[in-house]
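Residue numbers (the working numbering): 1 to 442.
In what follows, a single structure is set out as structure tokens and then discussed.
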């Protein structure tokens with residue numbers, strides 16, 4: 001195989017921002033699917049008389065597969081390219097959504113939504129953002145990661161009010177069909193505009209002073225994903241980050257995007273109003289995640305994580321007192337602050353994975369993100385069980401607030417206690433050496 005070689009006419013990487021934009025659009029569309037179980041609970045109960053636990057089971061499987069797919073998707077991108085995997089994932093998501101519109105039993109919802117949509121959105125998760133940032137950017141990686149991390153919630157912000165309105169006015173099936181069409185249109189855009197590597201067009205990564213040859217395809221994607229996990233699992237930082245990120249998933253995706261609207265409705269708030277508040281959380285999420293990315297380039301990622309978890313825990317504990325039938329100033333304050341903190345954990349966790357695991361960081365983050373989704377799945381399922389058991393969500397908010405406080409203490413203990421654990425370098429690749437501020441974890 002011939003590789004591009006450095007040459008003086010290699011173009012600078014300004015195209016990187018276009019690649020990041022297309023990636024962001026794909027993540028936006030995938031993010032729109034994550035809030036659907038929350039606004040589907042009422043219509044599905046009305047049409048099929050399913051329990052919240054049954055509906056939560058499909059949402060939980062979706063979240064688990066979303067997490068478990070991510071590390072394998074990262075390895076597959078190294079094997080087949082970013083574009084092919086993204087197009088395939090968008091097609092799977094669209095197919096799952098369309099099949100959901102013709103389901104007639106709870107197990108079919110679990111199969112179509114839990115399995116297919118979970119697999120598709122998992123391949124379009126933050127591992128996609130991490131892979132694009134690592135390949136296309138040498139400078140501004142934290143900022144780009146923050147922007148792309150916010151794209152998923154931006155999808156919720158863009159689609160959620162319109163989907164809620166569509167469900168109220170027409171039904172839930174047209175809403176799902178709309179999402180499927182959006183996914184297919186995005187697949188076409190990705191196919192036409194997304195590039196796998198700067199070297200494909202003779203460009204440098206953004207901020208790189210040298211031309212970077214494209215590495216050869218990495219064979220054995222599944223084997224490599226498992227091998228990287230085996231190496232990372234021998235290090236303490238992986239388990240500490242995975243545990244903290246599991247709490248992150250439980251206190252955001254798992255409970256907020258699945259149970260916030262039903263919890264607000266229990267207090268007398270219309271579901272459309274609650275959905276609008278979730279969309280507003282998405283508005284402030286963009287600012288908070290971008291700011292977290294900017295701060296990650298400048299401060300200790302561990303301390304930033306501890307601050308985010310502490311503040312998030314305080315907000316969740318206060319939610320039972322704040323929740324009401326109308327939109328009050330305390331509720332608006334919660335929406336603003338929670339939005340700023342919601343995904344602010346992602347850029348520092350990605351930065352810590354990159355410091356410890358170098359070229360394998362996208363796969364390691366994928367496994368860490370799997371823990372995030374396991375936590376989210378448990379919260380989605382147990383939150384529904386708690387609602388059925390206690391006739392309210394107050395115990396859920398308090399338990400998750402306490403878990404966030406524990407996660408804040410946990411991330412402060414993250415340190416490298418030995419040499420970086422990483423899989424053997426692939427042919428044509430070199431391990432990334434930690435140096436400067438990035439290597440200091442004292």
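Note that the Cβ used here is the ideal one computed from N, Cα and C, for glycine as well.
Item, Value
"Quick one: what's got a C-beta closer than 7 Å to residue 295's C-beta in the same chain, skipping five residues either side?", "304"
"State the start and end residues of the unbroken alpha helix (DSSP H) segment that holds residue 105.", "No alpha helix (DSSP H) holds residue 105; DSSP gives it neither H nor E."
"Assess contact between the stretch 55-68 and the stretch 153-173, defined as three or more Cβ pairs (one per stretch) separated by less than 8 Å. Is contact present?", "no"
"Taking C-beta to C-beta, are residue 260 and residue 340 nearer than 8 Å?", "no"
"May I have the straight-line CA-CA distance separating residue 231 from residue 74, to the nearest angstrom?", "16 Å"
"Could you give the DSSP three-state label for residue 66: helix, strand or coil?", "helix"
"Distance, Cα to Cα, residue 125 vs residue 27?", "7 Å"
"For residue 328, count neighbouring Cβ atoms within 10 angstroms of its own Cβ and tell me buried if that reaches 16, exposed if not.", "exposed"
"Give the C-beta separation of residue 464 and residue 132 to the nearest angstrom, bearing in mind that I take them to be a contact with Cβ-Cβ under 8 Å.", "Because residue 464 is not part of the residues shown, which for the chain are 1 to 442, the question remains open."
"For residue 332, count neighbouring Cβ atoms within 10 angstroms of its own Cβ and tell me buried if that reaches 16, exposed if not.", "exposed"
"Please go through the stretch 21-82 and give each complete alpha helix (DSSP H) segment of 4 or more residues, from N-terminal end onward.", "36-48, 52-80"
"Taking Cβ positions, are residue 374 and residue 383 nearer each other than 8 Å?", "no"
"If we require 4 or more residues per run, which alpha helix (DSSP H) segments fall completely within the stretch 349-393?", "361-390"
"Less than 8 Å separating the beta-carbons of residue 255 and residue 155?", "no"
"Any idea what DSSP makes of residue 284, helix, strand or coil?", "helix"
"For the putative contact between residue 281 and residue 338, defined by C-beta atoms under 8 Å, what is the C-beta separation to the nearest angstrom?", "6 Å"
"Beta carbon of residue 76, beta carbon of residue 95: below 8 Å?", "no"
"Closest to residue 32 by C-alpha separation, out of 390, 393, 178, 234, would be which residue?", "178"
"Distance, Cα to Cα, residue 148 vs residue 385?", "33 Å"
"Jot down the residue ranges of each uninterrupted alpha helix (DSSP H) in the stretch 177-241, minimum 4 residues, whole runs only, in chain order.", "221-232"
"Are the stretch 180-192 and the stretch 84-95 touching by the rule of at least three beta carbon pairs closer than 8 Å?", "yes"
"Ignoring anything shorter than 4 residues, give me the alpha helix (DSSP H) runs that lie fully in the stretch 100-171, in order along the chain.", "106-109, 118-123, 126-136, 141-169"
"Rounded to whole angstroms, what is the Cα-Cα separation between residue 233 and residue 245?", "15 Å"
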